[in-house]
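Numbered by the working numbering, the letters in the sequence shown go through residues 1 to 251 in order.
Backbone N, C-alpha and C fix where the C-beta goes; we use that ideal spot for every residue, glycine too.
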Amino acid sequence: MTVFKKPHALTDVPMHYCPGCTHGIVHRLVAEVIDELGIEGTTIGIAPVGCSVMAYNYFNCDMIEAAHGRAPAVATGVKRADPSNIVFTYQGDGDLASIGMAETVHAAARNENITVIFINNAIYGMTGGQMAPTSLPGQVTQTSPYGRDVNHCGYPIRVCELLSELEGPEYLARVTVNSVKNVNNAKKAIKKAFQNQVEGKGFSLVEVVSSCPTNWGMTPKQALEWIDEKMLPYYPLGVYKDRSGSQEAQK
């Protein structure tokens with residue numbers, strides 16, 4: 001009896017991500033959900049600029065490349081052109097919360113019937129480790145060598161909390177994948193986000209608090225521990241909006 005296998009929606013192409021990066025885990029969860037919902041033939045993914053720029057190599061569904069930050073706008077066009085499509089974006093924090101913040105906010109405000117997978121690793125990964133909108137107070141990056149100074153650079157943006165103030169979104173959740181328990185919880189949230197779209201409920205975003213060992217200057221093990229020690233106190237896990245359930249964060 002087969003108890004574990006590669007999802008059909010995931011290709012056999014070796015991934016380019018750094019050792020210890022959690023992009024691969026999230027890719028697998030998305031692919032498992034696509035398989036379980038039986039939507040591979042109608043799913044279209046939007047891969048923007050960032051570490052996930054080559055996500056089109058890793059999913060067996062149709063993929064479209066979007067300009068930096070514009071994935072929600074592209075997804076909106078694809079979904080409105082043919083509402084039978086299941087459309088998801090896969091975006092990093094530099095993409096979604098910086099150059100693409102306007103597209104994110106307005107897609108959520110309009111309650112576009114799309115699914116957004118948001119990877120928050122608190123740094124610009126692909127371009128060398130610059131400070132991102134989500135970098136923590138005091139966090140050392142290539143462009144904040146003495147640590148993020150909130151008096152000069154402002155405070156990190158909590159995307160789920162920000163979007164939860166809008167009337168539009170159907171579902172907003174923050175998860176992480178640094179343990180087996182957290183991986184299982186993350187899959188449940190991702191599946192709900194896709195199921196909401198299948199049922200026509202509207203905009204769903206799942207924020208995954210993720211690791212970036214290379215740009216954090218840590219081993220993979222240290223990076224997973226740093227998520228618990230530093231990231232989660234600032235970015236608490238939970239459901240931040242769920243129109244069909246509790247709208248309070250479940251810490």
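{"Asked": "Compare the beta carbon distance of Ile-157 and Ala-73 with 7 Å and say whether it is the shorter of the two.", "Found": "no"}
{"Asked": "Determine the DSSP secondary structure at Lys-188, reduced to helix, strand or coil.", "Found": "helix"}
{"Asked": "Grouping DSSP H, G and I as helix and E and B as strand, with all else coil, what is Phe-4?", "Found": "coil"}
{"Asked": "For Pro-236, decide whether its Cβ has a neighbour in chain C, counting only Cβ atoms nearer than 7 Å.", "Found": "The structure shown contains no chain C; it holds only a single protein chain."}
{"Asked": "Ala-108 to Thr-134, Cα distance in whole Å?", "Found": "19 Å"}
{"Asked": "Could you name the residues of the same chain whose beta carbon sits closer than 8 Å to that of His-23, not counting the 5 residues immediately before and after it, in chain order?", "Found": "Met-15, Tyr-17, Cys-51, Ser-52, Ile-119, Ser-210"}
{"Asked": "List in chain order: all unbroken beta strand (DSSP E) runs of 3+ residues lying wholly within the stretch 5-46.", "Found": "none"}
{"Asked": "Take every Cβ of the stretch 77-88, pair it with every Cβ of the stretch 120-130, and state whether three or more of those distances are shorter than 8 Å.", "Found": "no"}
{"Asked": "Could you tell me the boundaries of the alpha helix (DSSP H) in which Ser-84 lies?", "Found": "Note, Ser-84: premise wrong, no alpha helix (DSSP H); not H, not E."}
{"Asked": "Identify which residue in Thr-104, Val-180, Asp-242 has its Cα closest to the Cα of Gly-94.", "Found": "Thr-104"}
{"Asked": "Under the rule that 16 or more other beta-carbon atoms within 10 Å means buried, what is Pro-19, buried or exposed?", "Found": "exposed"}
{"Asked": "Can you give the Cα-Cα distance for Lys-187 and Leu-166, rounded to whole angstroms?", "Found": "25 Å"}
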